[in-house]
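Novice: Residue numbers (full-length UniProt numbering): 1 to 455.
Using N, Cα and C, we set each Cβ at its ideal position, and we do this for glycine too.
Pasting a structure below so you can have a look.
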């Protein structure tokens, strides 16, 4: 290109422009020479530290170590030659870089570097594969050893697990026993406290009345609208039931108690509380006896809180030389426990048998109980004791002779059947029928336990 420029048609211009081109070419060759040299040395500065790390990673690979040594040797040769070029005098160095390019000058060393580099790369790959193979072999060996030890480890784990489970079970049993011991003690204390509340066996009158009732009697009461309104809680909360002496009011009370307990047996929020005033037992006619007996029925052990328990203990725990609890305190306690129920049926029979003072106290109590929304009172008395003045929002149910007609027949038949094998065994069927008719006619609306000697 330089020759073509100098040989152009314009000799002077061609000569000048050819000289300029020549100078530019020389300068370009000189700069390219040293740029390549600097670039190669910079590559060495980045590459050699990495090879040093490979040397540390695979110290057990002699072939890789040898390949690295060979590469380092070629690098030393290259650097030595480059140093000689740099140290040459300016003219010589300039002329060499102009007429002899970097590729030509360092061609042999570059080839040696490339070969050494490939050798290092190959040995590095081999060393990596060997290391990976060794690791896999070690891992396989450990897995096999672990597999052999696994049954033993599993057995030990099972043994330890069983031991721990036994320990836990023993601890749980101990804790459960201790808790149960505490609960049993607390339960016994509550039961003992509850036993001290009543000072009279109020269940005796109920059992006696239940024994006097003939099967099939008293069912008429369930069909009376006054009773249905009371038990269904429609328009009246309380009920006064009255009748003549001997009409079976006590037996009827026992029947209602049984009916309510059967109807609400599955309801924990409902209580059926009862009391019979019995003229044959003077203690049963006292106000304090009445209040203690119904309080005993209102207390539930499972819901007895510590404060309430301490309050009861202060009144009933120490029976020796302990004064009778005040009536006012007993009323407060009953109202407190009675209010815990959604429905609390209170059935009282025979209040007319108590004296005037106790009647007055009980009537005052009934007025206080009516302030509790859950209270449902049934009072059964003689007709001359007008309980409608005591019970607000109440109905009155009169026990009429026609209500008892079928009950009297069934009761008399039951009595005849009971004695037909003994006192009446000599009587014919027609005579027994006459006896039955005589008893029915003479009953006059009274359902009382008649003996055969009545005839």
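1. Return the chain-ordered list of same chain residues with a C-beta closer than 8 Å to the C-beta of residue 126, the five sequence neighbours on each side being excluded.
2. In the structure shown, what three-state DSSP assignment does residue 199 receive?
3. At which residues does the beta strand (DSSP E) containing residue 272 begin and terminate?
4. Between residue 368 and the rest of its own chain, which residues show a CB-CB distance below 7 Å, the 5 nearest in sequence each way excluded?
5. Contact defined as beta carbons within less than 8 Å: I believe residue 397 pairs with residue 241. What is the distance between those atoms, to the nearest angstrom?
6. Counting along the chain, where does the alpha helix (DSSP H) carrying residue 263 start and finish?
7. May I ask you to verify whether the region 186-197 touches the region 287-307, counting CB pairs closer than 8 Å and requiring at least 3?
8. Could you pull out every residue in the same chain whose Cβ sits closer than 7 Å to the Cβ of residue 236, ignoring the five residues on either side in sequence?
9. Considering just the uninterrupted stretch of the beta strand (DSSP E) at residue 240, what are its terminal residues?
10. Using the three-state DSSP reduction, which class does residue 357 fall into: helix, strand or coil?
11. Would you be able to state if there are at least three C-beta pairs under 8 Å between the region 201-210 and the region 302-309?
12. Out of 218, 251, 362 and 343, which has the shortest C-alpha to C-alpha gap to residue 402?
13. Report all residues from its chain with a CB closer than 8 Å to the CB of residue 374; omit the five preceding and five following residues, and keep chain order.
14. Specify the secondary structure class of residue 289 as computed by DSSP and reduced to three states.
15. CA-CA distance, residue 244 and residue 310?
16. From the DSSP output, in three-state form, read off residue 223 for me.
17. In the DSSP assignment, what are the bridge partners of residue 345?
18. Could you check where the beta strand (DSSP E) with residue 305 kicks off and where it finishes?
19. Checking 9 Å against the spacing of the C-beta atoms, do residue 386 and residue 277 come in under that value?
20. Residue 118 to residue 107, Cα distance in whole Å?
21. I need the DSSP call for residue 23, collapsed to helix, strand or coil.
22. Assuming residue 250 and residue 350 form a contact by the criterion Cβ under 8 Å, report the distance between their Cβ atoms to the nearest whole angstrom.
23. Starting from residue 394, trace the beta strand (DSSP E) both ways and give me its first and last residue.
24. Helix or strand or just coil, what does DSSP make of residue 217?
25. Could you pull out every residue in the same chain whose Cβ sits closer than 6 Å to the Cβ of residue 23, ignoring the five residues on either side in sequence?
26. Taking the alpha-carbon positions, what's the residue 146 to residue 160 distance?
27. Below 8 Å on the Cβ atoms is my guess for residue 116 versus residue 70; work out the distance and round it to an integer in Å.
28. From residue 274 to residue 347, what does the alpha carbon distance come to, in whole angstroms?
Specialist: With the structure as the only source:
1. Correct list, in chain order: 61, 63 and 64.
2. coil
3. 270-276
4. 331 and 335
5. 5 Å
6. From DSSP, the alpha helix (DSSP H) with residue 263 extends over 249-263.
7. Three or more Cβ pairs closer than 8 Å define a contact, and the region 186-197 meets that threshold against the region 287-307.
8. 229, 230, 393, 394 and 395
9. Segment 238-243, the beta strand (DSSP E) holding residue 240.
10. helix
11. no
12. A check of alpha carbon separations from residue 402 across 218, 251, 362 and 343 identifies 218 as the nearest.
13. 338, 339, 341, 342, 343 and 344
14. Helix.
15. 45 Å
16. helix
17. 272 and 376
18. Unbroken run through residue 305: none, as it is neither H nor E.
19. Their beta carbons are not under 9 Å apart, which means residue 386 does not touch residue 277 by this criterion.
20. 17 Å
21. Any answer about residue 23 is weak, because its pLDDT of 43 lies below 50 and its placement is not dependable; what the coordinates show is given next. Assigned with DSSP and collapsed to three states, residue 23 falls in helix.
22. Taking the Cβ atoms as the reference, residue 250 lies roughly 7 Å from residue 350, within the contact range of under 8 Å.
23. 394-398
24. Secondary structure of residue 217 (DSSP, three-state): coil.
25. Residue confidence is low: residue 23 scores 43 on pLDDT, short of 50, so the model does not pin down where it sits. Its coordinate-derived value is still stated next. So the list is empty, once near-sequence residues are dropped.
26. 19 Å
27. 5 Å
28. 5 Å
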